[in-house]
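Quick note: the sequence shown uses our numbering, first residue 435, plus one each step.
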Amino acid sequence: MTSKERVKLAYAHKEADRVPVGEMHIMSPVSSEILGRQAVTGEGGWLKHYMAECMAEENRAEFIERLSADTVEVFRKSGLDLLCTELDPADDGSVIYKDVTENSWTTVDQDTGHWAKFVYKPENDTAHEVDSSEKSDTDEDYGAIREHLDALEKSNFAVHESRFDSTKYAVKHAGKDMFIMAKLPDLIPSYRSFYANFMEVFYADEELAHRLCDDYLAFSLNAAKRYIEIGVDCIMIATDWAASNGPIFSPRLLREFMIPQIRAVVDLCHQHDVLVLKHTDGNIMQFADEFFAMGIDGYQSVDPGAGMDIELIKKLYGEKVLLMGNVDCAHTLPFGTPEDVIEETKQVMRKASGGGGHIVSSSNTIGYPTTAKNFLTMVETVHKFGSYPLEL
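#1: Mind checking Gln820: buried by the 16 CB within 10 Å criterion, or exposed?
#2: On the criterion of 16 or more Cβ atoms from any shown chain inside 10 Å, does Val455 qualify as buried, or is it exposed?
#3: How big is the Cα-Cα spacing for Ile614 and Asp667?
#4: Under the assumption that Asn808 contacts Gly770 (Cβ atoms under 8 Å), give the Cβ distance between them as a whole number of angstroms.
#5: With distances taken from CA atoms, which of Val761, Met670, Lys610 and Asp639 is nearest Met435?
#6: For Tyr603 and Glu574, I'd like the C-alpha separation in whole angstroms.
#7: Just to confirm, are Ser589 and Ala524 a CB contact at a threshold of 7 Å?
#8: Quick one: residues in its chain with C-beta nearer than 6 Å to the C-beta of Gln647, no 5 flanking neighbours on either side, listed in chain order?
#9: Applying the criterion that 16 or more other CB atoms from any shown protein chain within 10 Å of the CB defines a buried residue, is Glu568 buried or exposed?
#10: Extract the residue ranges of the beta strand (DSSP E) inside the stretch 746-774, only unbroken runs of 3 or more that lie entirely within it.
#11: Would you mind reading off the limits of the alpha helix (DSSP H) that contains Ala658?
#12: Secondary structure at Phe628, three-state DSSP: helix, strand or coil?
#13: Please state if the CB of Met719 and the CB of Ile696 are separated by a distance shorter than 7 Å.
#14: Could you give the first and the last residue of the continuous alpha helix (DSSP H) run that contains Met489?
#15: Our contact map puts Glu520 next to Ser796 with C-beta atoms below 8 Å; I'd like the distance itself, whole angstroms only.
#16: Whole angstroms are fine: how far does the CA of Asp674 sit from the CA of Lys482?
#17: Taking Pro685 as the reference, give the member of Tyr822, Ala652, Phe725 and Lys780 with the closest Cα.
#18: Leaving out five residues before and five after Val453 in sequence, what residues of the same chain have Cβ atoms less than 7 Å from its Cβ?
#19: Quick check on this structure: which residue in Leu826, Pro772 and Ala585 has the alpha carbon closest to the alpha carbon of Thr811?
#20: Can you say whether His557 is buried or exposed, counting buried as having 16 or more other CB atoms within 10 angstroms of its CB?
#21: Only counting runs of 4 or more residues, tell me where the alpha helix (DSSP H) segments fall wholly within the stretch 789-823, in order along the chain.
#22: In this structure, how does DSSP classify Thr601 when only helix, strand and coil are distinguished?
#23: Excluding the 5 residues preceding and the 5 following Ala672 in the sequence, name in chain order all residues of the same chain whose CB lies nearer than 7 Å to its CB.
#24: Which residue from Trp480, Leu517, Ala486 and Leu642 puts its Cα closest to that of His607?
#25: Taking Cβ to Cβ, would you say Val474 is nearer than 7 Å to Leu501?
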């Protein structure tokens, strides 16, 4: 049985030969341990800084070549059944990378002149946008955000073909036997420095909020259409809707803005027999009924640190939605012993793997400070103890 077949059976809520195991991302430091050389994978700080260096030096081809090959190699070598890709930086010159230092860089949009400043922290492999034209704008009418949307609309929400380079490589070199999942662009600017401004817009200018959500959705739908044409098996939608103590958004905002976006993606993908997985950290129990009624096929994270009980979720919603998780990436994987990892991985399978409908993974991604040893121990535990019928 191939990995692709194994994952598809899990999505069909059937038991395969064993429980499938996968990850959204393996960050470069962990991949480097596994491959025994500097690897270019994931979406961590080192990866983003290296990308900025390559783009600033007009060396995009090297970045894409290494990212594409290293991602397939490390997911295969780790023994995973699925791999995840996302959009690459475009090679059309639309974004200029400049002022690259040891721990920072700036991007400038050629169409609008809008800029964004990023800071890289090597001590924990993170990089974040800390300032931007949109964040710094003091216009009470949110002029910079409007200009940002004007540019999106002027482009007709086009996604440059070069942004799919690593996905096409993954489908070509791994898609025959591995399950390929592609990450959509964010449906709201959740990782932009002007996220707080955007949240304010929800209440200060509802018309602008609708425009922003509609524009981001239109761009993402175009990305999804091309992913589908390329031949991915699943579309993954990120953006956290909850934190440890509950929802980030009010019920009204979820119902009016967020859930319709997801349903639009689901409708498109299901027309082409492509699956949809929604990731969110945090505790979603306050809106779980609505979350699992959106039409999604899978839910990733099932965040144990936020009190999410995968056994309960499986009981309540597991007949219609696959669960992907939830070995604790905040405690057990980074700080536990290999024995701790083995026991928690077995416990997760006991709770969620019976009858199919489950993929073992971390509760988010594999990155700092998780070690390669603990990550591979989790995978090896699934291979050793995850055969159906389960005897755990």
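The beta carbon of each residue, even a glycine, is placed where N, CA and C say it ideally should be.
With the structure as the only source:
#1: The question names Gln, but residue 820 in the sequence shown is Gly. Gly820 comes out buried.
#2: buried
#3: 5 Å
#4: 7 Å
#5: Lys610
#6: 45 Å
#7: no
#8: First, the residue type needs correcting, since residue 647 is Cys and not Gln in the sequence shown. Taken in chain order, the residues that qualify are Phe691.
#9: buried
#10: 756-761
#11: Glu640 to Ile664
#12: coil
#13: no
#14: Gly479 to Ala490
#15: That belief does not hold up - the Cβ atoms of Glu520 and Ser796 are roughly 17 Å apart, past 8 Å.
#16: 20 Å
#17: Phe725
#18: Met783, Ser787, His792, Val794, Val816 and Gly820
#19: Pro772
#20: One detail in the question is off: residue 557 reads as Glu in this sequence, not His. Glu557 should be labelled exposed.
#21: 806-819
#22: helix
#23: Lys617, Asp620 and His713
#24: Leu517
#25: yes
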